[in-house]
Amino acid sequence: MKNELEKCCEIILKLLEQLAHEGKITQEEYIKHSIEKTKFLSRQ
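And the structure:
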């Protein structure tokens, strides 16, 4: 289960990076969500 959660978060982070690169989300949104995902992974 942990591996699946890690893979899911990795995919979400890649998607966020792409959205930020395309200008669909702000850099601040990207950073906020990236930090949240990193914190989530560190708790697992």
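Residue 1 is where the sequence shown starts when you use UniProt numbering, and the numbers rise one by one after that. Cβ coordinates follow ideal geometry from the N, Cα and C atoms, glycine included.
Using only the alpha-carbon positions, how far apart do residue i and residue j sit?
i	j	result
Glu6	Leu41	7 Å
Ile12	Glu4	12 Å
Cys9	Lys37	6 Å
Thr26	Lys32	10 Å
Gly23	Lys39	24 Å
Met1	Arg43	14 Å
Glu35	His21	The question names Glu, yet the displayed sequence has Ile at residue 35. Those two C-alpha atoms are separated by around 17 Å.
Decide if residue i is buried, meaning its Cβ has at least 16 other Cβ atoms within 10 Å, or exposed.
i	result
Leu16	buried
I'd like the span of the alpha helix (DSSP H) that includes residue i, first residue to last.
i	result
Ile25	No alpha helix (DSSP H) holds Ile25; DSSP gives it neither H nor E.
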